[in-house]
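Numbering (the numbering used here), first residue to last: 16 to 464.
Cβ coordinates follow ideal geometry from the N, Cα and C atoms, glycine included.
Predicted model, so just to flag it, every value in this text is computed and none were measured.
Accompanying notes for the structure given below.
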C-alpha cells in the first residue's frame, strides 16, 4: 500500500495523484477529465499515444511537456517513473501486455475493461499485481452509477433476503450495434466475443450482487442471424454513399454520423477536424469553418469502414445471446443481450427469499416488492427514482475515478470498488459463455480458474 510519502506532494495536505494516460481514446480521456474539476485530487502529467495529432492535442490541453509524451506504452514503461498512477485505455487486445510493464515500473493502474482476452492473461495480470504489490482497479463504471449503488445497498442491507435468481437484460440500440459491432472495431469474435466486449458490465454486476459467492457453471445460446448478407434488402450497395436505398435505410451512416451526432469518437477517429477539436488553431496552426468541417467529415466517413453496408460487413459477433449462470449457493442468474433495439436500456429483476427488486436503468426507476399477506395485502412495494448522472454510464464514470483516488491513497472507499480477484469472475463467465455457445455444452468454471 502506498504511504503518504510515496505520493507526489502539492503542499496542501495529502497530494493530488499524478497520472499518465496510456492510449488517448474517449474512455481514458473521459476518466482523466476528473482532473479538470478536481485538480487537488488528480493531475495529468504524462501521455502515451501512437497518434501524433491526438498526442499533441491533449499535451496542449493538460500542459504536458514533450519529454513526458511517449509514442507507446512500452516507451513509457521503460522510462524512469514520474507519476503515481497510470490510466490504461488502450485497445482490448493489449490491456494485459501494456499493464504488466506499468506495474513493474511502479505504477498503480486504472484499467479499462474488458481486462483480458482469456483466462491465461487474467492469471498473468493477477500474478504481476501480487508480485509487484501494485494496485489494479478495473473500470466497472456501472457499479458506481447511483442506480446500481442503490440496488446494491438494499441487497447488502438484507432487504430481499438471500438472492435466489437474477435476470438482467441489455438492449443495445441499432445505431450502437451498427457503429461498434457490425462496422466497427469490435465486430470480430477474434478481437473479443460480444459477451465480453459489450456485456462485461452486466456480468460484473451479477457477480457484484453475489459478492463472496463464486459462479460455478455456465450455459449459453445465441448467434449472428440478422446482420448478414442474406438479409440485405434489394438494391443495397456496399457503402452508404453509393446505395440506392440509403435514403430509406435506418442504418444509414450519413443519418447516424452526419445528420446526427451519434458516436463521433468511433466514426471520426483519425479525422483531422475531429482530432484537432478546440485546440485546432494551436496544434494545426489553422481553424476550420463549419463548411470545411462538414466536408472533411463526410469525406472521412465515406472512405472509412463506418460507411459500409451493415449487411455486407465482415462481422461475426453475435447479435443476440442468452447466458445462464449457476452460483455455488444454488442461485441462478440469466443475462440476455439483445441488439437492434430502438431504445437502449438495461433492465433488472432480482428475486430473493424475502422480496424482489426490479428496475430500468434509463428511466432510473427501481421497485422493491415484498410479500404482505400478514398485513392483509398480496404485496407491498416501494418505488425509488434515481436521476441519471451527467457523465456516461449513468453517472458512474467520474465516481469511479474518485474512488480510484481513494484506493491509491489508502483512504476508505465505496462498496463499488473491490479487489482484482472479484473482477475476474465476470470475465471467466464471459469466456465460458462463448465456449458453451460454440460447443453446445455446459462449462464448469473450475476448469478455467
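* Buried versus exposed, by CB contacts within 10 Å (16 or more), residue 93 -> Answer is exposed; the Cβ neighbour count stays below 16.
* Asked: For residue 389, which of helix, strand or coil comes out of DSSP?
  -> Taken through DSSP and simplified to helix, strand or coil, residue 389 comes out as helix.
* Best match in 152, 350 and 396 for proximity to residue 439 [C-alpha to C-alpha] -> With distances taken between Cα atoms, residue 439 lies closest to 152.
* To do: Measure how close the beta-carbons of residue 141 and residue 337 come, nearest whole angstrom, since I'm counting them as under 8 Å.
  => Not quite, the Cβ-Cβ distance comes to about 29 Å (not below 8 Å), so this is no contact.
* Through-space distance from residue 241 to residue 59, alpha-carbon basis -> Taking the Cα positions, residue 59 is about 44 Å away from residue 241.
* Ordered list of beta strand (DSSP E) runs contained in the region 331 to 386, each at least 3 residues -> Within the region 331 to 386, the complete beta strand (DSSP E) runs of at least 3 residues are 335 to 342, 347 to 356, 360 to 367, 371 to 375 and 380 to 386.
* **residue 160 in three-state terms, based on DSSP** => Coil, per DSSP.
* Check each candidate in 316, 99, 201 and 382 and name the one with the smallest Cα separation from residue 332. => Per the C-alpha coordinates, the member of 316, 99, 201 and 382 positioned closest to residue 332 is 201.
* Rounded distance between the beta-carbons of residue 207 and residue 107, thought under 8 Å -> Contact flag correct, Cβ pair sits at about 5 Å.
* Pairing CB atoms from the region 124 to 142 with CB atoms from the region 367 to 381, are three or more of them under 8 Å? -> Look at the beta carbons and you see the region 124 to 142 not touching the region 367 to 381: under three pairs across the two are nearer than 8 Å.
* **Top-ranked residue by Cα proximity to residue 157, from 416, 302 and 237** => The residue from 416, 302 and 237 with its alpha-carbon nearest to that of residue 157 is 416.
* Presumed contact (8 Å Cβ cut-off) between residue 117 and residue 88, rounded CB distance -> A Cβ-Cβ distance of about 7 Å is found for the pair residue 117 and residue 88, placing them in contact under the 8 Å criterion.
* Okay, do the region 356 to 369 and the region 269 to 281 touch, 3+ Cβ pairs below 8 Å being the bar? -> No, the region 356 to 369 does not touch the region 269 to 281.
* **Coil, strand or helix - residue 99 by DSSP** => Three-state result, residue 99: coil.
* Asked: How is residue 123 classed by DSSP in three states: helix, strand or coil?
  -> Strand, per DSSP.
* Kindly indicate which residue of 232, 265 and 234 has the alpha-carbon position closest to the one of residue 248. => Distances from the alpha-carbon of residue 248 to those of 232, 265 and 234 put 265 closest.
* Please classify residue 419: does DSSP put it in a helix, a strand, or coil? => For residue 419, the three-state secondary structure derived from DSSP is helix.
* To do: Would you kindly check if the distance between the Cβ of residue 224 and the Cβ of residue 170 is under 7 Å?
  => A distance below 7 Å separates the beta carbons of residue 170 and residue 224.
* To do: My understanding is that residue 340 touches residue 178, with C-beta atoms under 8 Å, so please give their C-beta distance in whole angstroms.
  => Residue 340 to residue 178, Cβ: 12 Å. No contact.
* Asked: Cβ of residue 460 within 7 Å of Cβ of residue 230?
  -> Residue 460 places its beta carbon less than 7 Å from that of residue 230.
* **residue 278 classed as buried or exposed, judged by whether at least 16 other C-beta atoms fall within 10 angstroms** => Buried, since its Cβ has 16 or more Cβ neighbours within 10 Å.
* **Exposure of residue 326, with buried meaning 16 or more beta-carbon neighbours within 10 Å** => Flag for residue 326 reads buried.
* Is residue 226 buried or exposed, if buried means 16 or more other CB atoms sit within 10 Å of its CB? -> Around the CB of residue 226, fewer than 16 other CB atoms lie within 10 Å, so the residue is classed as exposed.
* **Which listed residue (418, 464 and 448) has its alpha carbon closest to that of residue 212** => Checking every option, the nearest Cα to that of residue 212 belongs to 448.
* Check whether the Cβ atoms of residue 312 and residue 286 sit closer than 7 Å, and answer yes or no. => Cβ atoms of residue 312 and residue 286: closer than 7 Å.
* Asked: What does a CB cutoff of less than 8 Å around residue 504 pick up in its chain, not counting 5 residues either side in sequence?
  -> Shown here, the chain extends from 16 to 464; a query on residue 504 therefore has no answer.
* Where residue 279 falls: helix, strand or coil (DSSP) -> It is helical.
* N- and C-terminal bounds of the beta strand (DSSP E) containing residue 63 -> Element bounds for residue 63: 57 to 63.
* **Bridge partner(s) assigned by DSSP for residue 182** => 349 and 364, per the DSSP bridge assignment.
* **Cβ neighbour criterion (16 or more within 10 Å) applied to residue 441** => Its Cβ being crowded by 16 or more others within 10 Å, residue 441 is buried.
* Distance, Cα to Cα, residue 302 vs residue 288? -> Annotation: residue 302 to residue 288 spans about 9 Å, alpha carbon to alpha carbon.
* Asked: Leaving out five residues before and five after residue 165 in sequence, what residues of the same chain have Cβ atoms less than 7 Å from its Cβ?
  -> Setting aside the 5 residues that flank it on each side, residue 165 is surrounded in the same chain by 381, 399 and 401, each with a C-beta closer than 7 Å to its C-beta; the list follows chain order.
* Asked: Relative to the C-alpha of residue 70, which residue among 418, 85 and 102 is closest?
  -> Minimum Cα distance to residue 70 is reached at 85.
* Asked: For residue 263, is the classification buried or exposed, using 16 other Cβ atoms within 10 angstroms of its Cβ as the cut-off for buried?
  -> Counting of Cβ neighbours within 10 angstroms places residue 263 among the exposed residues, the total staying below 16.
* To do: Measure the C-alpha to C-alpha separation of residue 186 and residue 138 and round it to an integer number of angstroms.
  => Going from the Cα of residue 186 to the Cα of residue 138 covers about 31 Å.
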